[in-house]
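A.B. asks: Below you will find the structure I want to go over with you.
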Amino acid sequence: MNKLKICVAGATGWAGSELSRGIFGVNDMELVAAVSRRFAGKTLSEVLGIEKLTSPIFGTVEEALSTNPDVFVEYTKPEVAKSHVLSALRGGAHVVIGTSGMSSEDYDKVNKVAEEVNRGVLAVGNFALTVVLLQKFAEMAARYIPEWEIIEYAHADKKDVPSGTARELANRLSNVREARLAVPLSEIDGPIESRGARLQGTQVHSIRLPGYVISIDAIFGMPDQKLILRHESGSSAVPYVNGALLAIREVGKLVGVHRGLDSVMKF
Ligand SMILES: NC(=O)c1ccc[n+]([C@@H]2O[C@H](COP(=O)([O-])OP(=O)(O)OC[C@H]3O[C@@H](n4cnc5c(N)ncnc54)[C@H](OP(=O)(O)O)[C@@H]3O)[C@@H](O)[C@H]2O)c1
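To convert, count from 1 in the sequence shown and add 102; that's our numbering.
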């Protein structure tokens, strides 16, 4: 069997190192290159402590692309993600994007280049299969229940609000419809902040407190009944590995930009 050749940019980071371990653990993929500025010139075995994981670490994406990967995984920082992705596409690789925070303009540009070079890009804001399922169940609920709100919880020092997961969920629900408000925001009595932020037609409330890791509630209310869809993450990056491996296996069947893991899952 020909193994898929993979390059992971950000392979020494919190998420990328767990994914690199995951790639090492399957027999249909080979990690041919890693990108990390701090560890350039070393091998991943030196950084991750897995003796047989001898993939070379390069300081730049351009150098790493000399290994001709079939799939390039972007897992670094939003400021550099677009340029990494464009280099990888022009270098002939399909691309999986795990990095969050790229703008829709960035994605438009990436889509144009991906179509020109006939390569696929799969961008997934959250690879955790349980989050993907929450998103799907919430979309189903929004078709039948017109009123909902989101509450997301995170550790006290998480600066970005609302979380990427809450943003993605609000975005998906906006494709179904806007959540109905029994009392319009212009008519509420009291500080408007108490009703949270309105994000693409959904009220979103962000809690930041010690004691929380990451969790989210999508609450759908109807007279005398309610449905609460809740997701909770632990503190490791393990939940993101299986979804990323699925994305890596499937991206070669795509052309252009596709968003969300559900675009390659069967429901
Ligand atoms: N889609 C998902 O399910 C999911 C899950 C978890 C995280 N994420 C996202 O993934 C991204 C990475 O998160 P993380 O927590 O793993 O970050 P992190 O621990 O800070 O790791 C970042 C990695 O990127 C490398 N890097 C940073 N800047 C670079 C540059 N300019 N050029 C080349 N390499 C660079 C770092 O190595 P050097 O500093 O040595 O270069 C490191 O290996 C974030 O956007 C995060 O929100 C997404």
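Idealized CB from N, CA, C, for every residue including glycine.
Hey, ILE253 and ASP210 are a contact pair by Cβ (cut 8 Å); roughly how many whole angstroms apart?
C.D. replies: Contact flag wrong, Cβ pair sits at about 32 Å.
A.B. asks: Under 7 Å: does the beta carbon of PHE239 sit that close to some heavy atom of ligand 1?
C.D. replies: no
A.B. asks: Would you list the one or two residues that DSSP bridges to ARG361?
C.D. replies: For ARG361, DSSP records a beta bridge to ALA225.
A.B. asks: What do you reckon, is the C-beta of PHE174 under 7 Å from a heavy atom of ligand 1?
C.D. replies: Checking the Cβ of PHE174 against ligand 1 gives no.
A.B. asks: For VAL163, which residues from the same chain have a beta carbon less than 7 Å from its beta carbon, with the 5 sequence-adjacent residues on both sides left out?
C.D. replies: Excluding positions up to five away in sequence, the list reads ALA111, VAL137, HIS186, SER189, ALA190.
A.B. asks: Does any C-beta atom of chain B lie closer than 8 Å to the C-beta of PRO293?
C.D. replies: Protein chains in the displayed structure number just one, and chain B is not present.
A.B. asks: Ends of the beta strand (DSSP E) at PHE322?
C.D. replies: 316-324
A.B. asks: Quick check: the Cα distance between ASP364 and GLU270, rounded to an integer number of angstroms?
C.D. replies: 13 Å
A.B. asks: Identify every residue that forms a DSSP beta bridge with ARG332.
C.D. replies: ASP319
A.B. asks: State the Cα-Cα distance for the pair GLY292 and ILE108, rounded to the nearest angstrom.
C.D. replies: Roughly 54 Å between the two C-alpha positions.
A.B. asks: Going by C-alpha to C-alpha distance, which of THR178, LYS154, VAL233 sits closest to PHE70?
C.D. replies: Nothing about residue 70 can be reported from this structure: the residues present for the chain run from 103 to 369 only.
A.B. asks: Would the beta-carbon of TRP116 be found less than 7 Å away from any heavy atom of ligand 1?
C.D. replies: yes
A.B. asks: Can you find the residues in the same chain that come closer than 8 Å, C-beta to C-beta, to TYR342, ignoring five residues on each side of it along the sequence?
C.D. replies: ALA117, GLU120, LEU121, GLY200, ASN228, PHE229, ALA230
A.B. asks: Looking at the unbroken alpha helix (DSSP H) that takes in THR232, where does it start and where does it end?
C.D. replies: 231-246
A.B. asks: Between which two residues does the alpha helix (DSSP H) holding ARG282 run?
C.D. replies: Where ARG282 is concerned, there is no enclosing alpha helix (DSSP H), given that its DSSP letter is neither H nor E.
A.B. asks: Compare the C-alpha of GLU241 against each of ILE316, PRO325, LEU275, LYS261 and name the closest.
C.D. replies: LEU275
A.B. asks: Should PRO180 be listed as close to ligand 1, given that the test is whether its C-beta is under 7 Å from any heavy atom?
C.D. replies: yes
A.B. asks: Suppose you measure from the CA of GLU289 to the CA of ARG361; what does that come to, to the nearest Å?
C.D. replies: 37 Å
A.B. asks: Tell me which same chain residues have a C-beta within less than 6 Å of the C-beta of PHE174, skipping the five on either side of it?
C.D. replies: CYS109, ALA190, ALA195, VAL197
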